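As you go down the protein sequences, you meet chains A and B in turn. Every letter in the first sequence is one number past the one before it in our numbering, and letter 33, counting from 1, is 32. Here our numbering = 1-based position in the second sequence + 5.
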Amino acid sequence: MCTTCGCPTVGEHSHDHDHGHDHSHDHTHTHDDHHHGDGHHHHHEHPTPSQAGQTRTISVETDILDRNNRLAATNRLLFASQGIFTLNLVSSPGSGKTTLLERTLRELGGKVRCAVIEGDQQTDNDAQRIAATGVQVKQINTGAGCHLDAHMILHAAADFDLASLDLLFIENVGNLVCPASFDLGENHKVAVLSVTEGEDKPLKYPHMFHAADVMILNKIDLLPHLTFEVDKCREMALRVNPNITIIEVSAQTGEGMDRWYAWLSQGMADARSKKA
Amino acid sequence: MHELTIMKNVVSICEQNAAGSRVTSVTLDVGELSGIVPGALEFCFDSCTKGTLLEGASLKIIIIEPQVRCNGCKALFGARAYHDSCPECGGFDIEILFGEELRVKELEVV
Ligand SMILES: Nc1nc2c(ncn2[C@@H]2O[C@H](COP(=O)(O)OP(=O)(O)OP(=O)(O)O)[C@@H](O)[C@H]2O)c(=O)[nH]1
Ligand SMILES: [Zn+2]
Ligand SMILES: [Zn+2]
Ligand SMILES: [Zn+2]
Numbered sequence: 000m001c002t003t004c005g006c007p008t009v010g011e012h013s014h015d016h017d018h019g020h021d022h023s024h025d026h027t028h029t030h031d032d033h034h035h036g037d038g039h040h041h042h043h044e045h046p047t048p049s050q051a052g053q054t055r056t057i058s059v060e061t062d063i064l065d066r067n068n069r070l071a072a073t074n075r076l077l078f079a080s081q082g083i084f085t086l087n088l089v090s091s092p093g094s095g096k097t098t099l100l101e102r103t104l105r106e107l108g109g110k111v112r113c114a115v116i117e118g119d120q121q122t123d124n125d126a127q128r129i130a131a132t133g134v135q136v137k138q139i140n141t142g143a144g145c146h147l148d149a150h151m152i153l154h155a156a157a158d159f160d161l162a163s164l165d166l167l168f169i170e171n172v173g174n175l176v177c178p179a180s181f182d183l184g185e186n187h188k189v190a191v192l193s194v195t196e197g198e199d200k201p202l203k204y205p206h207m208f209h210a211a212d213v214m215i216l217n218k219i220d221l222l223p224h225l226t227f228e229v230d231k232c233r234e235m236a237l238r239v240n241p242n243i244t245i246i247e248v249s250a251q252t253g254e255g256m257d258r259w260y261a262w263l264s265q266g267m268a269d270a271r272s273k274k275a
Numbered sequence: 006m007h008e009l010t011i012m013k014n015v016v017s018i019c020e021q022n023a024a025g026s027r028v029t030s031v032t033l034d035v036g037e038l039s040g041i042v043p044g045a046l047e048f049c050f051d052s053c054t055k056g057t058l059l060e061g062a063s064l065k066i067i068i069i070e071p072q073v074r075c076n077g078c079k080a081l082f083g084a085r086a087y088h089d090s091c092p093e094c095g096g097f098d099i100e101i102l103f104g105e106e107l108r109v110k111e112l113e114v115v
């Protein structure tokens with residue numbers, strides 16, 4: 000049991016079944032699975048051992064990510080109560096998340112109080128790059144894990160003095176698939192896409208671009224050397240998410256970063272004004 | 006491969022609801038837009054249930070096809086992807102009503 004949030008720690012099964020209330024509804028077992036749409040079934044049957052006892056059906060109807068979502072809601076409330084604007088940066092490996100953060104922190108440093116949570120499978124290379132900018136950073140190694148979850152963020156955030164922060168960046172593990180499913184309690188997911196990856200990424204990884212509110216199109220300094228069509232990419236992103244804000248930058252040269260800073264400052268102002 | 010995380014959550018939700026009874030069958034609702042690959046869930050089911058109340062249980066996955074509403078003209082239609090356009094007005098601004106589910110629906114216990 001974890002003392003910070005009272006949840007069973009990852010990988011450990013909870014075995015306290017003595018709830019004072021009944022949280023499931025029993026009914027007799029029928030075989031007419033009715034559901035929305037024209038779903039088809041996947042069966043993965045094992046030979047059932049002959050049973051002396053009667054089978055009972057328990058209706059559960061619980062979201063599989065329920066625990067993550069509840070912890071994410073806790074995080075969101077915590078950040079909101081301190082007026083912190085929190086962003087979850089997601090992308091494929093190498094699109095430039097850390098480079099974007101380094102420049103942002105150097106250029107906003109002094110004016111804005113920032114902190115960074117760095118998710119990485121194995122190394123602390125990114126955390127060291129962030130620390131070199133003078134901004135406080137907390138490293139999370141996910142090991143084989145392909146995404147950060149709300150529980151990790153809850154614990155990492157406990158290491159910061161939240162009352163003294165305006166802006167919290169979470170750099171997720173480089174992966175355009177899994178992090179889309181896990182709410183961390185952020186205000187927005189920011190998808191970073193670099194122009195060397197091809198303009199059709201939003202259609203190939205629609206969940207991520209659907210879940211993100213902003214797409215940073217990075218490495219535009221390389222456009223003269225590529226056949227990448229910016230307009231086509233914008234169109235594809237808007238198809239999977241008509242409300243997505245698209246900001247074209249070069250984290251390397253600094254081109255276009257003004258729009259990113261303007262968007263950040265608007266978000267920080269909103270978060271501050273909603274502070275309880 | 007977050008199907009592994011998903012399956013561990015399934016096991017823990019089932020164990021809580023089974024309250025000590027042996028689980029013979031688990032039914033999941035999986036929306037086509039949930040980002041989860043049913044085959045990958047099936048693949049890790051045996052290893053995740055080993056040594057739990059679910060050991061030896063069968064897994065049933067009900068695939069839920071997306072139902073969406075066009076925010077432009079309010080038409081209701083089935084879709085297969087986030088970038089499907091409205092058959093009535095051609096717009097891309099759609100709201101997902103069903104199809105993102107990821108849910109333990111029911112258990113059979115003995
Ligand atoms: N030309 C160019 N190169 C860039 C730009 N931004 C980042 N890079 C380069 O792209 C490579 C990857 O950048 P990172 O910032 O480490 O990418 P990342 O997204 O943090 O990578 P992971 O954390 O491993 O997923 C580095 O060699 C950067 O120097 C840019 O705007 N233009
Ligand atoms: Zn905990
Ligand atoms: Zn990085
Ligand atoms: Zn329409």
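For glycine and all other residues, C-beta sits at the position ideal for the given N, C-alpha and C. If you're wondering where the values come from, they're calculated on a predicted model, not measured in any experiment.
query = If the cut is a Cβ gap below 7 Å, which residues of chain B does Glu60/A touch?
reply = The CB of Glu60/A comes closer than 7 Å to the CB of Arg108 and Lys110 in chain B, given here in chain order.
message = For the structure I just gave you, are there three or more beta carbon pairs, one from the region 134-147 of chain A and one from the region 263-272 of chain A, closer than 8 Å?
response = Per the Cβ contact rule, the region 134-147 of chain A is not in contact with the region 263-272 of chain A (fewer than 3 Cβ pairs under 8 Å).
request  = Examine chain B for any beta-carbon lying closer than 9 Å to the beta-carbon of Ala211/A, and answer yes or no.
outcome  = Ala211/A does not count as touching chain B.
key: 6 Å CB neighbourhood of Ala114/A in its chain, flanking five on each side removed   = The residues are Gln135, Phe159, Leu164 and Leu167.
request  = Determine the DSSP secondary structure at Val102/B, reduced to helix, strand or coil.
outcome  = Per the sequence shown, residue 102/B should be read as Leu rather than Val. If DSSP states are grouped into helix, strand and coil, Leu102/B belongs with the strands.
task = Going by CA-CA distance only, name the one from Val16/B, Phe97/B and Val31/B that's closest to Cys121/B.
result = The displayed coordinates of chain B run from 6 to 115. Any statement about residue 121/B would go beyond what the structure contains.
query = Which residues, in chain order, does the region 145-166 of chain A contribute to contact with chain B at a C-beta distance below 9 Å?
reply = Along the region 145-166 of chain A, the positions whose C-beta sits under 9 Å from a C-beta of chain B are Cys145, His146 and Asp148, read in chain order.
request  = Compute the Euclidean distance between the alpha carbons of Trp259/A and Gln21/B, then round it to the nearest angstrom.
outcome  = Between the alpha carbons of Trp259/A and Gln21/B lies a gap of roughly 45 Å.
query = By Cβ distance below 8 Å, which residues in the same chain neighbour Ile11/B in space, the five residues on each side in sequence not counted?
reply = The answer, listed in chain order, is Ile41, Leu46 and Leu107.
Length of the line joining the Cα atoms of Thr27/A and Thr61/A = In this prediction, Thr27/A has a pLDDT of 42, which is less than 50 and means its spatial position is unreliable; what the coordinates show is noted afterwards. Going from the Cα of Thr27/A to the Cα of Thr61/A covers about 19 Å.
request  = With hydrogens ignored, establish whether the beta-carbon of Ala80/B is closer than 8 Å to any heavy atom of ligand 4.
outcome  = Yes, since a heavy atom of ligand 4 falls inside the 8 Å radius drawn around the Cβ of Ala80/B.
message = Given the structure, does Ala250/A come close to ligand 1, in the sense that its CB is under 8 Å from one of the ligand's heavy atoms?
response = The answer is yes for Ala250/A.
message = Using 9 Å as the threshold, is the C-beta distance between Val176/A and Asn217/A below it?
response = Asn217/A sits away from Val176/A, with the two beta carbons spaced by 9 Å or more.
message = When you compare the region 184-200 of chain A with the region 90-98 of chain A, are there three or more beta-carbon pairs, one atom per stretch, that lie closer than 8 Å?
response = Contact holds between the region 184-200 of chain A and the region 90-98 of chain A, because three or more Cβ pairs, one in each stretch, are under 8 Å apart.
key: Contact set between the region 63-93 of chain A and chain B, restricted to residues whose Cβ is under 9 Å from the partner   = Residues passing the 9 Å Cβ filter: Ile63, Leu64, Asp65, Arg66 and Asn67.
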